[in-house]
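> Residue 226 in the working numbering is what sits at position 55 of the sequence shown, and the numbering runs on without skipping anything.
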Amino acid sequence: MMKKQFVRVSGTWEKDGTFIPAAVLWQNGVQYKIEKIIQRCPAASLDGSGVGMRYTCLFSHGQRRYLYFDENRWFIEK
172 MMKKQFVRVS
182 GTWEKDGTFI
192 PAAVLWQNGV
202 QYKIEKIIQR
212 CPAASLDGSG
222 VGMRYTCLFS
232 HGQRRYLYFD
242 ENRWFIEK
């Protein structure tokens, strides 16, 4: 079962109200830069605990992960 890891996210707001994430900051202070947003769509988390906006992200270390924004909080599933 996937576990939610809540994270801080930095990014920019576009004129149309869309948020573009740029980096994820873990609780231990490590920051990971997002190189590319591959997809942005409404989707349920893999553990089925809610529906929010899911960003498919390619990080600077070459890893592809889902980043979710749900109920005004950001998380990545581990």
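C-beta atoms are modelled at their ideal positions from N, C-alpha and C, and glycine is treated no differently. Nothing here was measured: the structure is a model prediction, and the numbers come from that model.
Rounded to the nearest angstrom, what separates residue 200 and residue 240 at their Cα positions?
Here residue 200 refers to the residue found at position 29 of the sequence shown. Here residue 240 refers to the residue found at position 69 of the sequence shown. Rounded to whole angstroms, residue 200 to residue 240 spans 20 Å at the Cα level.
> Give the single residue among 208, 173, 197, 203 whose Cα lies nearest to the Cα of residue 190.
In the sequence shown, residue 190 corresponds to position 19, counting from 1. Of the candidates 208, 173, 197, 203, the one whose C-alpha sits nearest the C-alpha of residue 190 is 208.
> For residue 201, which of helix, strand or coil comes out of DSSP?
Against the sequence shown, residue 201 aligns to sequence position 30. Reduced to three states, the DSSP call for residue 201 is coil.
> In chain order, what residues of the same chain have a beta carbon less than 8 Å from the beta carbon of residue 183, not counting five sequence neighbours either side?
If you number the sequence shown from 1, residue 183 lands on position 12. The answer, listed in chain order, is 190, 191, 193.
> Would you kindly work out how many angstroms separate the C-alpha atoms of residue 202 and residue 177, rounded to a whole number?
As a working mapping, residue 202 is identified with position 31 in the sequence shown. As a working mapping, residue 177 is identified with position 6 in the sequence shown. Rounded to whole angstroms, residue 202 to residue 177 spans 13 Å at the Cα level.
> In whole angstroms, what separates the C-alpha of residue 211 from that of residue 224?
Sequence index remark: in the sequence shown, residue 211 carries index 40 (1-based). Sequence index remark: in the sequence shown, residue 224 carries index 53 (1-based). Cα-Cα distance, rounded: 7 Å.
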